[in-house]
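**Q** Take a look at this one; I'll ask things after.
Chains as they are written, first to last, in my numbering: chain A, 1 to 351; chain B, 352 to 519.
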């Protein structure tokens, strides 16, 4: 059978989307397990260890439990929005992975294999989709028709909008250095000498990286900014949700964590580039290893960033809400602006 | 391909705009407005204005509409009630809207030559990003209007702070 160029493109793209989606959802499930295991070890206990070898089948058991639970829906909820809210949250969390390049450019019949869509404004697409994800939280709190969920969603939304500014500004330094919003170009701009030219080290964007990291923790509602699920004062936006709808919020949170880790990897840690630069290029110059190795580097970096997430959760106590806001507006935002100014002056002086 | 995108998202924008008017509850109307804005963003993108599309999503649907929805949620605005005024408005409104639509269509069709035309997706095939061109224009030939606009926004922020301080 002979396929035209467009049909081939369509076919490969659909296959790519399915593969990436399956891998993302699986890694969401296993990030939960990783968190429980690693947090357990940090607290001197085993974590889940009963289901399967080393507790490896625990995500499956969790999934079955959530599927089989009764799907409660309170009578007074705004029904369409109550159902729509978790869909928006999960959908937005999963869409932004589409512009992330996982490996070096490897084309098969003119179609890039390791990235679903290579768009000129990849970074802005990720930021835009993240900013739409806020609606999932806002609407869930309001449509539950419960004043505590409304408070919870207001808190979370205000937190996300406030930290979005610092998050966006912390990335400007990287964009200035690369001169592009295309994620591929940003990765390539760091590839010259391996780890020495990564933005976090040689690019002198360590301040930007730290701001990004803190803002990203707040943006994904994670500890130490996890006020949405603070056990001691629990007014979260999702307290009326159960079964699969709750699971969707839960999956959205972990999918957001993975997206944030991907962006940190791409922008600050050299993406799929090897930390040794072109030192060992002679050994694997061609063949399948040459194509697969960058993907492994990428996954390893994302994994490191996720471990850092969990480590912080196991170490730091939770912020109070006013401290959270003051920290975001009075500290992170000015420091991010100073970082932009310093980067711009440096580039103007040297370039 | 591009014509398919244009048809889908153009129809979505029109449907969202109609839904905005027909919905009784303000929060549903606000959500329809978000649908309109997102579809417009896709239309901008198919015309090659990718930065405009991203700014539309981030600024309008992601930030400003969140504030709209906040206000609606916190004021606990109820469903709209029909009054004598709204009946009069609908009597005057439908012919008025039709008239504006006719005038706009007539202008666009008669001034076709003066307005020029753009090809759907015509700019997408170019590899260079148009953000570079946009920023060159903004920071060279349009620098003064650009800076004046930013000062205007700054003044607006200061005004909002002054107004809010009285309440505190």
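For glycine and all other residues, C-beta sits at the position ideal for the given N, C-alpha and C. Computed from a predicted structure; not experimentally measured.
(1) Residue 142(A) touches chain B at which residues, Cβ-Cβ below 9 Å?
(2) For residue 102(A), does the count of other Cβ atoms within 10 angstroms reach 16, so buried, or fall short, so exposed?
(3) Where do the ends of the alpha helix (DSSP H) carrying residue 302(A) lie?
(4) Where does residue 119(A) sit, in a helix, a strand or coil, going by DSSP?
(5) Count the other CB atoms, across all protein chains shown, that sit within 10 Å of the CB of residue 92(A); report buried if there are 16 or more and exposed otherwise.
(6) Given a threshold of 16 other Cβ atoms within 10 Å of its Cβ, counted over all protein chains shown, does residue 157(A) qualify as buried or as exposed?
(7) For residue 155(A), report the span of its alpha helix (DSSP H) as first-last.
(8) Out of 378(B), 418(B), 374(B) and 411(B), which one is the CA nearest neighbour of residue 433(B)?
(9) In terms of DSSP beta bridges, what is residue 111(A) paired with?
(10) At least one CB of chain E closer than 8 Å to the CB of residue 181(A): is that the case?
(11) CA-CA distance, residue 204(A) and residue 226(A)?
(12) Quick one: what does DSSP say residue 482(B) is sitting in, helix, strand or coil?
(13) Pair every Cβ in the segment 301-319 of chain A with every Cβ in the segment 140-160 of chain A, then say whether three or more of these pairs are closer than 8 Å.
(14) Could you give the distance in angstroms between the alpha-carbon of residue 331(A) and the alpha-carbon of residue 318(A)?
(15) Residue 86(A): buried (16+ other C-beta within 10 angstroms of its C-beta) or exposed?
(16) Along the chain, where does the alpha helix (DSSP H) containing residue 274(A) start, and where does it finish?
(17) Which bits of chain B does residue 94(A) rub up against, with CB to CB less than 8 Å?
(18) At which residues does the alpha helix (DSSP H) containing residue 382(B) begin and terminate?
(19) Buried or exposed: where does residue 516(B) fall if 16 or more other Cβ atoms within 10 Å of its Cβ makes it buried?
(20) Looking at chain A, is there any beta carbon in it that lies within less than 8 Å of the beta carbon of residue 412(B)?
(21) How many whole angstroms separate the CB atoms of residue 268(A) and residue 198(A), which I take to be in contact at a CB cut-off of 8 Å?
(22) Determine whether the beta carbon atoms of residue 356(A) and residue 135(A) lie at a separation below 8 Å.
(23) Of all Cβ atoms in chain A, is any one closer than 8 Å to the Cβ of residue 408(B)?
(24) Can you give me the Cβ contacts of residue 223(A) inside the same chain, cut-off strictly under 6 Å, excluding the 5 residues immediately before and after it?
(25) Expressed to the nearest angstrom, what Euclidean distance is found between the alpha-carbon atoms of residue 341(A) and residue 170(A)?
(26) What's the gap between the Cα of residue 22(A) and the Cα of residue 120(A)?
(27) Measuring CB to CB, does residue 416(B) end up less than 8 Å from residue 385(B)?
(28) Within a Cβ cutoff of 8 Å, which residues of the same chain sit near residue 77(A), ignoring the five residues on either side of it in sequence?
(29) Apart from the five residues on each side of it in sequence, which residues of its chain come closer than 7 Å, Cβ to Cβ, to residue 411(B)?
(30) Of all the options 256(A), 42(A) and 36(A), which has the alpha carbon lying nearest to the alpha carbon of residue 55(A)?
(31) Determine the direct distance from the alpha carbon of residue 459(B) to that of residue 14(A), and round the result to whole angstroms.
(32) Taking 7 Å as the limit between beta carbons, can you name the residues of its chain near residue 24(A), skipping five residues before and five after?
(33) Can you grab the Cα-Cα spacing for the pair residue 400(B) / residue 325(A), in whole Å?
(34) I need the DSSP call for residue 372(B), collapsed to helix, strand or coil.
(35) For residue 128(A) versus residue 413(B), is the C-beta distance shorter than 8 Å?
(36) With a cut-off of 8 Å, does the C-beta of residue 484(B) fall near any C-beta of chain A?
**A** In short:
(1) 378, 420, 423 and 424
(2) buried
(3) 287-315
(4) coil
(5) buried
(6) buried
(7) 147-178
(8) 374(B)
(9) 108(A)
(10) The structure shown contains no chain E; the protein chains it does contain are A and B.
(11) 30 Å
(12) helix
(13) no
(14) 18 Å
(15) buried
(16) First-last for residue 274(A): undefined, no H or E at that position.
(17) Simply none; closest approach about 17 Å.
(18) 377-397
(19) exposed
(20) yes
(21) 7 Å
(22) A question about residue 356(A) goes unanswered here, because the residues of chain A that appear run from 1 up to 351.
(23) yes
(24) 313
(25) 11 Å
(26) 26 Å
(27) yes
(28) 143, 144, 145 and 240
(29) 388
(30) 36(A)
(31) 39 Å
(32) 94, 97, 255 and 258
(33) 35 Å
(34) helix
(35) yes
(36) no
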